[in-house]
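What follows is a set of notes on a single structure, which appears directly below.
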Amino acid sequence: RDHKETLGLNVSEDFARFIERDFAFYAHQYHRLRLAAEALTPGFECIYFNAQNNFTLQYPVLLAPLRVQDSEEDILRKIRVTAAYLDIMIARRIWNWRAIDYSTMQYAMFLVMREIRGKSVAEVADILYKRLCDETETFASNDRFRLHGMNRRQIHRLLARMTDYVETRSGMPSHYAEYVQRKGKHGYQVEHIWANHPERHEDEFAHPNDFEEYRNRIGGLLLLPKSFNASYGDLPYSEKWKHYLQQNLLAQSLHELAYKHNPGFVKFVRESSLPFRPHPDFKKADLDARQDLYRRLAEEIWDPKRLQRELA
Numbered sequence: 277r278d279h280k281e282t283l284g285l286n287v288s289e290d291f292a293r294f295i296e297r298d299f300a301f302y303a304h305q306y307h308r309l310r311l312a313a314e315a316l317t318p319g320f321e322c323i324y325f326n327a328q329n330n331f332t333l334q335y336p337v338l339l340a341p342l343r344v345q346d347s348e349e350d351i352l353r354k355i356r357v358t359a360a361y362l363d364i365m366i367a368r369r370i371w372n373w374r375a376i377d378y379s380t381m382q383y384a385m386f387l388v389m390r391e392i393r394g395k396s397v398a399e400v401a402d403i404l405y406k407r408l409c410d411e412t413e414t415f416a417s418n419d420r421f422r423l424h425g426m427n428r429r430q431i432h433r434l435l436a437r438m439t440d441y442v443e444t445r446s447g448m449p450s451h452y453a454e455y456v457q458r459k460g461k462h463g464y465q466v467e468h469i470w471a472n473h474p475e476r477h478e479d480e481f482a483h484p485n486d487f488e489e490y491r492n493r494i495g496g497l498l499l500l501p502k503s504f505n506a507s508y509g510d511l512p513y514s515e516k517w518k519h520y521l522q523q524n525l526l527a528q529s530l531h532e533l534a535y536k537h538n539p540g541f542v543k544f545v546r547e548s549s550l551p552f553r554p555h556p557d558f559k560k561a562d563l564d565a566r567q568d569l570y571r572r573l574a575e576e577i578w579d580p581k582r583l584q585r586e587l588a
C-alpha cells in the first residue's frame, strides 16, 4: 500500500495486470530456475552448480534483470550471463577461503541486483564482467589453496568440475553427475596423491606439519572412487602411479601413457596450452607444478570472458 505508486498500482486495472501478467511472469521464471537447480539442464548448468554450493541468493539475482516484455531469447541469455557471473564469483571466493553463506553475501548481492535490475542483455554482461575484472581476489591470489577441515565438500565439487572440464574438452561425455556423488558404494572422494606417511618425504620436509600443509594443497589432490582409495590410497606414489591410468582423465594425466594413446586429450592440451605433463615421480616440485596446473585450469573454467561469449 505504501509503495503502490512505485509499483504502478493506481487503479483496478493495474492490480489485474500485476496479478495476471507480472506476478505470473516472475512466478514462471522462478519455477524454471528452481527446476534447473535440482538437475543439470542444458544452458542452465551454472544454476545447478550454484545450488550445489547452497547459494540460495542466486534466485533474486537471476530474476533482477528480467522484464515482462523481454523476448524468450533475451530471458535465457540474461539468466545464463547472471548465473555464470555467480558461478565464477563463488568459485573465486571458495579458492580464497571466503564465506559464501547468506548472511555474508546478502548485502553484496543486493548491490548486484540493484545494478542490473531491468537492464538489457548487453548491459548485464558488461556490468557483471566489470565487477569480476575489478575483483582483487582471483585464483592467482591464493597459490596455497588447500584442503582443510571445513572445505572438503567444496573441494570435491571443484575437482568434479575440473575433471569433467578436462574430459569433455577432450571429446569425452560428461560424468559430472557421477563425480559429484559422495555417498554409496559408487561414490567418489577426495584422495591425496601422497599417502599420509611423512617419513617417506623426510628428504624434503623437516617437520610433519610442513608435509601435511603441502600434502593438502589442491595440486596434490584427485577425485577417485572410494574403492580406489581403499585399495591403493596408502601405497607409495611409485606403486599406484600405473593404476591412475584406469581412472578419470585428470588422474590419468599423471602418467606418460595418457599422452600417447588419447588423441582427444593431446589435442586439448595443445590447444589450451595448459601445462599438463606426466609425473613419473611426485616430489615437492611436482606438486608445485600440479598446483600451477590446477590454478590455470580454474582460470580457464571460471573465465570472466564467458559472460561476453553469451552475447555472440
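With my numbering as the guide, the letters of the sequence shown map in order to residues 277 to 588. For glycine and all other residues, C-beta sits at the position ideal for the given N, C-alpha and C. None of these values were measured; they are calculated from a predicted model.
Beta-bridge partners of Gln465, as assigned by DSSP: Leu500
Proximal residues to Thr444 (C-beta, below 7 Å), its chain only, five neighbours per side dropped: Ser450
Assigned exposure category for Pro556 - 16 Cβ within 10 Å defines buried: exposed
Are the Cβ atoms of Leu521 and Leu533 separated by less than 9 Å? yes
Among Ser446, Val456 and Leu583, the one whose alpha carbon lies nearest that of Ala436: Val456
Same chain, Cβ closer than 6 Å to His519, neighbours up to 5 away in sequence not counted: Tyr508
Just list the alpha helix (DSSP H) runs in the segment 305 to 374, keeping only unbroken ones of 4 residues or longer that don't cross its boundaries, in chain order. 321 to 328, 334 to 339 and 348 to 371
Beta-carbon spacing of Pro551, Asp568 below 9 Å: yes
In chain order, each alpha helix (DSSP H) run of at least 4 residues that lies wholly inside the segment 478 to 542: 484 to 491, 502 to 508, 513 to 516 and 525 to 528
Span of the alpha helix (DSSP H) holding Leu408? Val397 to Asp410
Kindly list the residues whose CB is nearer than 6 Å to the CB of Ala360, restricted to its own chain and excluding five residues on each side of it in sequence; keep chain order. Cys322, Arg582 and Leu583
Reduced DSSP secondary structure (H/G/I, E/B, other) of Arg422: strand
Round the Cβ separation of Val357 and Ala401 to the nearest angstrom and send it over; I've been treating them as touching at under 8 Å. 5 Å
Of the residues Arg310, Ile376, Lys395 and Ala384, which one's Cα is nearest the Cα of Val344? Lys395
Near Tyr335, what residues of its chain come up, given a Cβ to Cβ distance below 7 Å and the 5 sequence neighbours on each side ignored? Tyr306 and Leu309
Whether Ile376 touches Ile366 by CB criterion (9 Å): yes
Rank Tyr452, Asn472, Ile431 and Ala315 by C-alpha distance to the C-alpha of Leu525 and give the top, closest one. Tyr452
State yes or no: is the C-beta of Gln328 within less than 9 Å of the C-beta of Arg433? yes
Inter-residue Cα distance where the pair is Leu342 and Leu404: 15 Å
If I'm right that Arg420 touches Trp578 with Cβ under 8 Å, what's the distance once you round it to whole angstroms? Their Cβ separation, rounded to whole angstroms, is 18 Å, which puts Arg420 and Trp578 out of contact at 8 Å.
Where Ser417 sits in the DSSP three-state scheme: helix
Own chain partners of Gln528 with C-beta closer than 7 Å, once the 5 adjacent residues on each side are dropped: Tyr520, Leu521 and Ala534
How far does the alpha helix (DSSP H) with His432 in it reach, from first residue to last? Arg428 to Arg445
Go through its chain and collect everything with a Cβ distance to Asn372's Cβ below 7 Å, but skip five positions before and after it. Glu413, Ser417 and Asn418
Is DSSP giving Lys459 helix, strand or coil here? coil
Along the chain, where does the alpha helix (DSSP H) that runs through Ser379 open and close? Tyr378 to Ile392
When you compare the CB positions of Ile364 and Ile431, do they come within less than 9 Å of one another, or not? no
Using the three-state DSSP reduction, which class does Pro606 fall into: helix, strand or coil? A question about residue 606 goes unanswered here, because the residues of the chain that appear run from 277 up to 588.
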